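One structure below.
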Amino acid sequence: MAEQNILVKQPLFRSPSIFRDIPGLIAAESTRHGGVSTAPYHSLNLGGSTQDSPEHVVENNRRFFEALSVPLNHVAKSHQVHGTEILTVRIPGRFEGYDALITNVPHVQLAVTVADCTPILIYDTFGKAMAAIHAGWRGTAGQIARKTVEAMEKEFGTKPENCLAYIGTCIDECSFEVGEDVAQYFDSVHKRWDAGKEKFFVDLKLANKDQLLVLGLKPENIEVSEYSTILHNADYFSYRHEKGLTGRMLATIGLVTI
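Yeah, the sequence shown ends on 258 if you go by UniProt numbering, and it's all consecutive.
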């Protein structure tokens, strides 16, 4: 029998298992597969802040959110600035200058873009509030994860012990090589010195996880992605590995009434 070549269709997204049993909750992290963009943005580039064709980005977003059964006019995004500003979202739309979005409104689908930075999704199982966070090294050093949960507590009465969290795919510790100018902002437990390279390596996943643990989230209620934007670059975009010429993924969370 002649050997057959079987084409395996790559997924447009992966869904965090931590949210799997929540009725009506839509949470996902895109891959780089299933879109229409060409190199160097191939293929599911969901970020508008690139030199990719705007028509391609729109079509990619349509495909991604259609796969999640989310209308595009339900999505809330912001132009991110690597800061720690948090927006309470009441209606969908495009906003400016926020790196974390929070809401307790059903049918508002929060989304953040990443390509090495850490996406974080949070859901309050009691109050049904949620957050989508973009945490690069600046945001992580600025405690954006902690500040976001505190904002949820202030706005919605969220209690950390009732929260589930997903710390998503980003640049891993073994790849995030930095100088003293960046390393100085991180505690010793979140960085290591490599004498051979004379560089520090920073663990963004652990730094963000520890912010959530200190606040009172339970360890068993935090899922950390097993993937890396650099080690698994065939599936995810990496700004650093691809020298800035690459696409963007989306991490998204929202609640629909059922």
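For glycine and all other residues, C-beta sits at the position ideal for the given N, C-alpha and C. It should be emphasised that the depicted structure is a prediction, and the values quoted were computed from it without experimental measurement.
F200 sits in a strand when the DSSP states are folded into three classes. By a beta-carbon distance limit of 8 Å, I133 contacts V112. Their separation comes to about 7 Å.
Here the C-alpha atom of S238 lies approximately 25 Å from the C-alpha atom of D187. Sixteen is the threshold: when 16 or more other Cβ atoms of the shown chains lie within 10 Å of the Cβ of F13, as they do, the residue is buried. Annotated as proximal: S225 and E29, with beta-carbon spacing under 9 Å.
Beyond the five residues adjoining it in sequence on each side, Y185 comes within less than 6 Å, by CB distance, of A141 in the same chain, given in chain order. In this structure, V58 is the residue among Y227, G24, V58 with its C-alpha nearest to the C-alpha of S37. Excluding the 5 residues flanking it on each side, K205 has same chain C-beta neighbours closer than 6 Å at I167, V224, in chain order. Per DSSP, the continuous beta strand (DSSP E) segment holding G93 begins and ends at 93-96. Close CB contacts of T125 within its chain, under the 8 Å cut and outside five residues either way in sequence, are with I22, N162, C163, L164 (chain order). Its Cα nearest to that of L213, the residue V149 stands out among L87, G34, V149, L72.
DSSP places G139 in no beta strand (DSSP E) but in the uninterrupted alpha helix (DSSP H) bounded by 137-141. Only residues of its own chain outside the window of five on either side were considered, and among them V57 have a CB closer than 6 Å to the CB of G48, listed in chain order.
About 5 Å separates the beta carbons of N60 and L44, which is inside the 8 Å limit, making them a contact pair. For R192, the enclosing beta strand (DSSP E) begins and ends at 191-194.
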